[in-house]
Amino acid sequence: MEGAWWAVLTAIGSMLALAYYAFVAAPARLHRWRCEGLRAFARLIELRTQGHYGRSEPLAELANAVALRMGLPLHERRRLELAVYLRDIGMVAIPYAILNKPTAPTPAERALLNRHAEISASIAEQIPGLWRVAPIVRLHHVVYSENPDAPLSAHILSALDDWLRIAENADADTAASVLKQGIGARYHPMVVQAILSELHQRSLDGWRYLTRSAALWL
1 MEGAWWAVLT AIGSMLALAY YAFVAAPARL HRWRCEGLRA FARLIELRTQ
51 GHYGRSEPLA ELANAVALRM GLPLHERRRL ELAVYLRDIG MVAIPYAILN
101 KPTAPTPAER ALLNRHAEIS ASIAEQIPGL WRVAPIVRLH HVVYSENPDA
151 PLSAHILSAL DDWLRIAENA DADTAASVLK QGIGARYHPM VVQAILSELH
201 QRSLDGWRYL TRSAALWL
């Protein structure tokens, strides 16, 4: 009888171990593999544009923290991280001279640059298993007043993408002021609140929010 109980317990333990691997360990490992591969493409975009586009590593970590603060479930946070790496991949279709033009782009050039989000989303749709990420990529420059019902992940990415760019070109305080001024118009109010709360907490912890662009090593 005792042997039968041990057999039952062993079988249950094996089933639990298999379930853990199938539903927890394997998806986490697959996500990491995807991120590592897409991170390489993001770095190529960063290098091709001399650091103007494709910055992903600081953005991915911060986006995940803000999404967690806002209560997004794990699968949505993973899609958001993948969208960070994919968002500027469409820049491969933009001529090098326009991407690295030292002066302001012309209206026609600006219109071409603005197509990168749609191109990036189209590329994402062709990658097996990543079609669910495409809507976030397509809307990663979403304007809140124009599309308040866009996925929350897209609103997070839109605000953080602007914040990182301004913080690098000016400073973090200026970037935060821009987010505050855009509440309800350019940016989702709850997203801005979550971003500012996260940044405030990190400032108390002595966090350094900017890392050197890979393009600057060339």
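First residue of the sequence shown? That's 1 in the numbering used here, and the numbers climb one at a time after it.
All residues carry an ideal CB built from backbone N, CA and C; glycine is no exception.
Looking at G71, L130, L152 and W131, the one whose alpha-carbon comes closest to that of H140 is L152. By the CB criterion at 9 Å, L160 and L44 fall outside the cutoff. Taking a cut-off of 8 Å on C-beta distances, the segment 68-85 touches the segment 128-146, as three or more cross pairs fall below it.
For A150, no alpha helix (DSSP H) segment is defined, and its DSSP state is neither H nor E. By DSSP's assignment, Y187 forms a beta bridge with I183. Between the alpha carbons of V142 and L47 lies a gap of roughly 25 Å. Here the segment 109-122 makes contact with the segment 86-97; the two share three or more CB pairs at distances below 8 Å.
In the three-state scheme derived from DSSP, where H, G and I count as helix and E and B as strand, A159 is classed as helix. Taking C-beta atoms as the reference points, R34 and A194 fail to come closer than 9 Å. Under the three-state reduction of DSSP, P105 is assigned to coil, being neither helix nor strand.
Here the alpha carbons of L130 and Y187 stand approximately 26 Å from one another. Contact annotation: N100 and H52 have beta-carbon atoms nearer than 9 Å. Here the alpha carbons of T106 and A28 stand approximately 44 Å from one another. Note that the C-beta distance between L86 and L38 is below 9 Å. N147 has its alpha-carbon roughly 18 Å from the corresponding atom of K180.
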